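Numbering (our numbering), first residue to last: 27 to 372.
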């Protein structure tokens, strides 16, 4: 079974002005990635320090990988004959959606079933997430394997303990800009996070890993965290969510808005963000003017440009004292790298 579990890639045909040509790289775990664009001569980017693995993770609306999954599944399941007595189309679709909602999507985001049809011995499941329809999820007729990533639907995803890092030939110099900081300025270890408020894997990091980093390292003065925005183009609410956090920062409530965006979600877009501002007792007139004007868009673009310059192509992406860590890795991975850096500082 696929080792990588928590990463969503995007259709190659979807264009994005911020994407770099990363088509020669394999996806890293627990990370959402922008679509690849055709490389221009002399503009190919190589991120030597990023972690590579052989398996692809679950992806919504990745047509190319869906086709590959169909071919592999047909071979594995005997052109569908072995599963001929499996679930009904509706039953398989409901199982796929239930698995996605339980194991993949963050709190506040829900997939709904739009339709199911049989294709090449599999069920093609069409789902809707936040008003957008995705048509390239497949499930075997017995309901046990979800493609393109090959999830075993009989068990929760095994996110594993792979460090997600590779010893770099040299450390990556990453600009801190003037972005929000959590922790002591004198902390010997700095984590720079490039993230997206609509990314399910970023939300997983926020819910599962960040609290442990805060308790053991940030609150004890050993680590400081710098959050930089990297809204992916296929997330319709991510850009404005990032701007909302910056508008809240103007009133000293960056991290409070950050926590609401990840904790309660971004469904509803600008209307929701304005409600969050009210909940935080911000000056709503000032906040709303800031958000509506788009005055923070340049700040977000600067973060995107800096992230792309150091090889970020998906979210979340981290640099721990310049050491890259890709995806929403478990706490044990961060602990290992942080402890090694702390030991160097002694």
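Backbone N, C-alpha and C fix where the C-beta goes; we use that ideal spot for every residue, glycine too. Please read all numbers here as calculations on a predicted model, not as lab measurements.
Two segments are said to touch when three or more pairs of C-beta atoms, one from each, lie closer than 8 Å; by this definition the stretch 340 to 355 touches the stretch 209 to 229.
Per the coordinates, the alpha-carbon of residue 117 lies some 40 Å from the alpha-carbon of residue 219. With a threshold of 16 other beta carbon atoms within 10 Å, residue 57 meets it and is buried.
Taken in chain order, the complete beta strand (DSSP E) segments of 3 or more residues contained in the stretch 114 to 155 are 137 to 145, 148 to 155. Between residue 208 and residue 155, the C-beta spacing is not below 8 Å.
Under the three-state reduction of DSSP output, residue 207 falls in the strand class. Taking each of 370, 316, 311, 332 in turn and checking the Cα distance to residue 200, the smallest one comes out for 332.
For residue 310, the secondary structure class from DSSP, reduced to helix, strand or coil, is helix. Residue 350 sits buried, since 16 or more C-beta atoms from the chains shown fall within 10 Å of its C-beta. An exposed status is given to residue 278, since fewer than 16 other beta-carbon atoms sit within 10 Å of its beta-carbon.
A check of alpha carbon separations from residue 143 across 126, 291, 165 identifies 165 as the nearest. The way I'd put it, the stretch 284 to 293 doesn't touch the stretch 314 to 324; fewer than three beta-carbon pairs between them come closer than 8 Å.
Between residue 283 and residue 306, the C-beta gap is smaller than 8 Å, which places the two residues in contact. Under the criterion of beta carbons closer than 8 Å, residue 256 and residue 359 do not qualify as touching, at roughly 20 Å. Nearest Cα to residue 114 within the set 312, 157, 362, 167: 167. Remark: C-beta atoms of residue 226 and residue 153 do not approach each other more closely than 8 Å. It is roughly 33 Å from the alpha-carbon of residue 365 to the alpha-carbon of residue 327. Distance between residue 206 and residue 297, taken at the CA atoms: about 24 Å. For residue 271, the closest C-alpha among the options 239, 241, 246, 308 is that of 308. In the DSSP annotation of this structure, residue 231 is not part of any beta strand (DSSP E), being labelled neither H nor E. Under the three-state reduction of DSSP output, residue 332 falls in the helix class. Where residue 364 is concerned, the enclosing alpha helix (DSSP H) starts and stops at 357 to 371. Secondary structure at residue 305: helix, using DSSP grouped into helix, strand and coil. Rounded to whole angstroms, the Cβ separation of residue 140 and residue 179 is 19 Å, and the two are not in contact under 8 Å. Assignment of residue 180 by DSSP, reduced to helix, strand and coil, places it in the coil class.
Taking residue 268 as the centre and dropping the five residues before and after it, the same chain places the C-beta of 223, 255, 257, 326 closer than 7 Å to its C-beta, in chain order. Excluding five sequence positions before and after residue 182, the CB atoms of its chain that fall closer than 7 Å to its own CB belong to 129, given in chain order. Between the C-alpha atoms of residue 314 and residue 361 there is a straight-line separation of about 39 Å.
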